[in-house]
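Quick note on numbering: the UniProt record's numbering labels position 229 of the sequence shown as 229, and the sequence is numbered without any gaps. Just so you know, even glycine gets a beta-carbon here, dropped at the ideal spot from N, CA and C. Since this is a predicted model, take the numbers as computed values, not measurements. What follows is one structure encoded as C-alpha cells, with my remarks underneath.
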Amino acid sequence: MHKEGAVMATTRAGTLYVVATPIGNLGDLGARAREVLSSVDAICAEDTRHTRQMLVALGIERPLLALHEHNEGEIAWKLVERLRAGDRLALVSDAGTPLVSDPGYRLVREVRAAGLAVSPIPGACAAIAALSVAGIPSDRFCFEGFLPAKASARRERLAALARETRTLVFYESSHRIEESLADLVAAFGADREAVLARELTKLFETVLGDTLEGIAAKVAADDNQRKGEFVLVVRGCEDDTAARLLEGQRLYAKLAEHLKPSVAAKLAADLSGAPRKSLYGGGEG
Numbered sequence: 001m002h003k004e005g006a007v008m009a010t011t012r013a014g015t016l017y018v019v020a021t022p023i024g025n026l027g028d029l030g031a032r033a034r035e036v037l038s039s040v041d042a043i044c045a046e047d048t049r050h051t052r053q054m055l056v057a058l059g060i061e062r063p064l065l066a067l068h069e070h071n072e073g074e075i076a077w078k079l080v081e082r083l084r085a086g087d088r089l090a091l092v093s094d095a096g097t098p099l100v101s102d103p104g105y106r107l108v109r110e111v112r113a114a115g116l117a118v119s120p121i122p123g124a125c126a127a128i129a130a131l132s133v134a135g136i137p138s139d140r141f142c143f144e145g146f147l148p149a150k151a152s153a154r155r156e157r158l159a160a161l162a163r164e165t166r167t168l169v170f171y172e173s174s175h176r177i178e179e180s181l182a183d184l185v186a187a188f189g190a191d192r193e194a195v196l197a198r199e200l201t202k203l204f205e206t207v208l209g210d211t212l213e214g215i216a217a218k219v220a221a222d223d224n225q226r227k228g229e230f231v232l233v234v235r236g237c238e239d240d241t242a243a244r245l246l247e248g249q250r251l252y253a254k255l256a257e258h259l260k261p262s263v264a265a266k267l268a269a270d271l272s273g274a275p276r277k278s279l280y281g282g283g284e285g
C-alpha cells in the first residue's frame, strides 16, 4: 500500500482521470498530474494542438484525442468502450480544471453511468485563483462563467443577478471586457466593489481592485488592460433596499412591455418589495 498523500505509482485500468493543467505557468503542474499524463493510454483534449505544445514543453509524449463541444456527444460512448476494455484515459481542457466553462461533463456523465471510475487530479482553476487574491468575501460565491456574447442577453442575465448576495465570479475575453464592464456598471451600480484579475500566473499578470466604475475607467485608459484572459470577481449585493429596488426595476421593465404602467408597477412592487412610487411616477390609475 502506498502511504497517505504519496504520489500514485501507476494509473488504474478502466479509469478516466480528470486532470487540471496550468492556467499559465507550467510550474503549477503537480507531480501526480504529470505522472498520470505520462502513463495513460490516451489524453482527451479540447484542442489537441494546444495540449501537444504543453506536453512537449513538459517532456511528455502520449496519443491525443480531440474532445470538444461539437463532438463530445458523438464520441463519449466510444471512450466508454475503451475504458471497459481496460484503457486508462485522461481528460484535460486548454487550461485549468476541466468542465469549468469547458467541455467534458457529458463524457464524465457517460462514464459514471457505465459504472466506471472517474478520478479527479486537482490543480489550477482560474476562478478559484482569482477569488483567492480578490479580498472579497469568499465563504459563499456564485460562478457564472462567461456572460452571453449578445448585448441584450448579457444585460438580461446581469439584471437577473443584480440582487444576488453571494460574491459573483465571471470569465471574460479581451473582445468584450469593456462592453461587459459597462453593462455591469449599469446593472449593479457604479459603486459595487470588484476585482479584475488578468493573465493569472502569466508574465503580465495584473489584479485591479476598485469599484466597477473605477475598474472600467482603468481598463479604458490602458491598452494593456484589454489584452489577455480575465476573471472578474464582484461583491454581492449588500443593501437589501437597493437589491429590492434593482429587482423591482427589472420586473417593471419587463411587465411594462405588456401591461399598463400603473399595473406593471403594482405587480413589480408586490413581487420585489420595492416602493411602487420608485418604479412608476403616475397616479393610481
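Apart from the five residues just before and just after A274, which ones in its own chain have a Cβ nearer than 6 Å to its Cβ?
-> As a first step, residue 274 is located in the sequence shown; it is residue number 274 there, counting from the start. Excluding sequence neighbours, A274 sits near R244, L245, G248.
Nearest CA to the CA of A57: which residue from N71, T21, A66?
-> Locating residue 57 in the sequence shown gives position 57, counting from the first residue. Measuring from the Cα of A57, the nearest candidate turns out to be T21.
Let me know the secondary structure DSSP gives E46 once reduced to three states.
-> The residue labelled residue 46 in the question sits at position 46 within the sequence shown. Here E46 sits in coil by DSSP.
Could you tell me which of A33, L279, V169, R12 sits nearest to G135, measuring between CA atoms?
-> In the sequence shown, counting from the first residue as 1, residue 135 sits at position 135. Ranking the options by Cα distance to G135, first place goes to V169.
Nearest-angstrom Cα separation, counted from S174 out to A216 = Indexing the sequence shown from 1 puts residue 216 at position 216. Indexing the sequence shown from 1 puts residue 174 at position 174. Approximately 13 Å, taken between the alpha carbons.
Give the straight-line distance between the Cα atoms of G24 and G104, rounded to the nearest whole angstrom.
-> Counted from its first residue, the sequence shown places residue 24 at position 24. Counted from its first residue, the sequence shown places residue 104 at position 104. G24 and G104: Cα-Cα distance of roughly 21 Å.
CA-CA distance, L203 and S262?
-> As a first step, residue 203 is located in the sequence shown; it is residue number 203 there, counting from the start. As a first step, residue 262 is located in the sequence shown; it is residue number 262 there, counting from the start. Each residue's alpha carbon lies about 56 Å from the other.
With a 10 Å radius around its C-beta and 16 neighbouring C-beta atoms as the bar for buried, classify Q53 as buried or exposed.
-> Residue 53 sits at position 53 when you count from the first residue of the sequence shown. Answer is exposed; the Cβ neighbour count stays below 16.
Distance between R34 and V7 (C-alpha atoms, nearest Å) | Here residue 7 refers to the residue found at position 7 when the sequence shown is read from its first residue. Here residue 34 refers to the residue found at position 34 when the sequence shown is read from its first residue. Confidence is the limiting factor: at V7 the pLDDT is only 41, short of 50, which leaves the residue's position unreliable, though a coordinate-based value still follows. Answer to the nearest angstrom: the Cα atoms are 10 Å apart.
Residues that DSSP places opposite P120 in a beta bridge = For the purposes of this step, residue 120 is taken as the residue at position 120 of the sequence shown. Looking at the DSSP assignment, P120 forms a beta bridge with V18.
Which residues does DSSP pair with T206 in a beta bridge?
-> The sequence position of residue 206 within the sequence shown is 206, counting from 1. T206 is bridged to R198.
Would you give the residue range spanned by the beta strand (DSSP E) that E238 belongs to?
-> Reading the sequence shown from its first residue, position 238 is the one you call residue 238. Here E238 belongs to no beta strand (DSSP E), and DSSP marks it neither H nor E.
Euclidean distance between Cα positions of T97 and A85 = As a first step, residue 97 must be located in the sequence shown, where it is residue number 97. As a first step, residue 85 must be located in the sequence shown, where it is residue number 85. Taking the straight line joining both Cα atoms gives about 26 Å.
Within its chain, find whatever has a CB closer than 6 Å to the CB of V108; leave out the 5 residues flanking it on each side and keep chain order.
-> Reading the sequence shown from its first residue, position 108 is the one you call residue 108. If we look at V108 and ignore the five residues flanking it on each side, its Cβ neighbours are V118.
What is the DSSP secondary structure of K228, counted as helix, strand or coil?
-> Taking the sequence shown and counting its residues from 1, the one referred to as residue 228 is at position 228. The question names Lys, yet the displayed sequence has Gly at residue 228. Coil at G228, not helix or strand.
CA-CA distance, D41 and A66?
-> Counted from its first residue, the sequence shown places residue 41 at position 41. Counted from its first residue, the sequence shown places residue 66 at position 66. One C-alpha to the other measures close to 14 Å.
4-residue-minimum alpha helix (DSSP H) runs that sit fully inside the region 111-190, ordered along the chain = 126-134, 151-161, 177-188
Contacting residues, own chain, Cβ-Cβ under 8 Å from C125 (five flanking each side not counted) | Indexing the sequence shown from 1 puts residue 125 at position 125. Cβ neighbours of C125 beyond the five flanking positions: A20, I23, G96, T97, V100.
Can you give the Cα-Cα distance for A264 and S278, rounded to whole angstroms?
-> Here residue 264 is taken as the residue at index 264 of the sequence shown, counted from 1. Here residue 278 is taken as the residue at index 278 of the sequence shown, counted from 1. Taking the straight line joining both Cα atoms gives about 12 Å.
Local Cβ density within 10 Å of D183, reported as buried at 16 or more and exposed below that | Stepping through the sequence shown from its first residue, residue 183 is reached at position 183. That one is buried.
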